[in-house]
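A quick write-up on the structure given underneath.
Residue numbers (my numbering): 5 to 331.
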């Protein structure tokens, strides 16, 4: 039986635009040795919501030990470190060639927020000091979205002015986007409070935004190696304005969970790609803009994947709603 003295009535309250919450009696926190910032596990058990503090073993550091001679190049070791970061590890203990270890660290330290290298005796320790409570997954996705749109802005400014400094700024912004992408994937994988379907969608969304950034990065690098005439610059501007418009609409459908808009955008993907190819082939710039066209088509395809995420999320909500009302 439930001890009635430990039963408390609380009202669900709104927190922000899309979140809700409940307050807890302070004396309960003291009893459970919890405080503000304590990580808890929330479970749906029948018609009840169960909130319980994570046990110490559940929040203990995750670490692995590796021997550098198994990964005999800085490039191989750096990829192991990136994978460890993404899988939510807190520490990687490495033994072996210090030169390889330091070179691997130099390759990744600017990409992975919060990673540091500590050396003691024969062992080197890669410690990851990311505070997952500082920035939530939704905040990271919003920042990735705004960063990718800023990259489009810089690309359009280049096509309008011919000033190459805008391309340099775009490349710097893509580095920031890469760091956020790594942190976002780490956060999703470390969070045990998200259902598998939602976690999968979040990972796809984060990777999609990163792939858009990569396409714009490759476009900028191509343009820095190429000198386009005025006609080709104007055509490129028009191409990326149309791609950006499509991309922006898929983002709006994702954020607003507008399944009708998402379905409409999915239907428009193939015609848009055909139009982009046809329009360039009609000009005298088809050879010069082959690289630009490839990336424009790639971004269009990625944007369509984002639209697919919108439909999946809405379908899941409808399934959950039906399951609740049919009980």
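Glycine included, each C-beta is placed from N, C-alpha and C at the ideal position.
Residue i versus the options, residue with shortest Cα-Cα distance
{"i": "residue 66", "options": "131, 108, 54", "result": "131"}
{"i": "residue 35", "options": "24, 16, 56", "result": "56"}
{"i": "residue 295", "options": "25, 220, 29, 182", "result": "220"}
{"i": "residue 204", "options": "314, 14, 44, 29", "result": "314"}
{"i": "residue 241", "options": "144, 88, 109, 163", "result": "163"}
{"i": "residue 92", "options": "78, 84, 99", "result": "84"}
{"i": "residue 195", "options": "307, 44, 124", "result": "44"}
{"i": "residue 120", "options": "94, 158, 101, 229", "result": "94"}
{"i": "residue 264", "options": "236, 291, 319, 72", "result": "319"}
{"i": "residue 86", "options": "116, 70, 102, 101", "result": "116"}
{"i": "residue 185", "options": "148, 168, 161, 193", "result": "148"}
{"i": "residue 69", "options": "98, 82, 77", "result": "98"}
{"i": "residue 216", "options": "317, 255, 302, 126", "result": "302"}
{"i": "residue 224", "options": "110, 127, 160", "result": "160"}
{"i": "residue 290", "options": "252, 272, 266, 237", "result": "237"}
{"i": "residue 151", "options": "252, 232, 109", "result": "252"}
{"i": "residue 222", "options": "172, 206, 270", "result": "172"}
{"i": "residue 280", "options": "16, 218, 262, 250", "result": "250"}
Counterpart residues of residue i in DSSP-defined beta bridges
{"i": "residue 25", "result": "17"}
{"i": "residue 131", "result": "95, 120"}
Simplified DSSP assignment, three categories, for residue i
{"i": "residue 69", "result": "strand"}
{"i": "residue 56", "result": "strand"}
{"i": "residue 314", "result": "helix"}
{"i": "residue 323", "result": "helix"}
{"i": "residue 100", "result": "coil"}
{"i": "residue 290", "result": "coil"}
{"i": "residue 76", "result": "coil"}
{"i": "residue 113", "result": "coil"}
{"i": "residue 166", "result": "coil"}
{"i": "residue 277", "result": "helix"}
{"i": "residue 153", "result": "helix"}
{"i": "residue 211", "result": "helix"}
{"i": "residue 37", "result": "coil"}
{"i": "residue 254", "result": "helix"}
{"i": "residue 234", "result": "helix"}
{"i": "residue 195", "result": "coil"}
{"i": "residue 229", "result": "coil"}
{"i": "residue 295", "result": "helix"}
{"i": "residue 271", "result": "helix"}
{"i": "residue 339", "result": "In the structure as shown, the chain starts at 5 and stops at 331, and residue 339 therefore has no counterpart that could be examined."}
{"i": "residue 161", "result": "helix"}
{"i": "residue 187", "result": "helix"}
{"i": "residue 12", "result": "coil"}
Anticipated Cβ contact below 8 Å, residue i with residue j, distance rounded
{"i": "residue 309", "j": "residue 208", "result": "7 Å"}
{"i": "residue 300", "j": "residue 244", "result": "6 Å"}
{"i": "residue 258", "j": "residue 190", "result": "With 8 Å as the limit, residue 258 and residue 190 do not qualify as a contact, their Cβ atoms being about 21 Å apart."}
{"i": "residue 145", "j": "residue 210", "result": "7 Å"}
{"i": "residue 182", "j": "residue 214", "result": "7 Å"}
{"i": "residue 170", "j": "residue 153", "result": "Rounded, the Cβ-Cβ distance is 14 Å, inconsistent with contact."}
{"i": "residue 105", "j": "residue 72", "result": "6 Å"}
Burial state of residue i (16 or more Cβ within 10 Å)
{"i": "residue 275", "result": "exposed"}
{"i": "residue 5", "result": "Its pLDDT being 44, under 50, residue 5 is placed unreliably in this model, and the coordinates cannot settle the point."}
{"i": "residue 155", "result": "buried"}
{"i": "residue 13", "result": "exposed"}
{"i": "residue 2", "result": "In the structure as shown, the chain starts at 5 and stops at 331, and residue 2 therefore has no counterpart that could be examined."}
{"i": "residue 122", "result": "exposed"}
{"i": "residue 179", "result": "exposed"}
{"i": "residue 79", "result": "exposed"}
{"i": "residue 285", "result": "exposed"}
{"i": "residue 2", "result": "This structure cannot settle anything about residue 2, because the visible part of the chain is limited to 5 through 331."}
{"i": "residue 311", "result": "buried"}
{"i": "residue 140", "result": "exposed"}
{"i": "residue 323", "result": "exposed"}
{"i": "residue 37", "result": "exposed"}
{"i": "residue 102", "result": "exposed"}
{"i": "residue 166", "result": "exposed"}
{"i": "residue 176", "result": "exposed"}
{"i": "residue 292", "result": "buried"}
{"i": "residue 82", "result": "buried"}
{"i": "residue 239", "result": "buried"}
{"i": "residue 188", "result": "buried"}
{"i": "residue 248", "result": "buried"}
{"i": "residue 282", "result": "exposed"}
{"i": "residue 27", "result": "exposed"}
{"i": "residue 254", "result": "buried"}
Residue i at chain C interface by Cβ criterion, 8 Å
{"i": "residue 103", "result": "Absent from the structure: chain C. Only one protein chain is present."}
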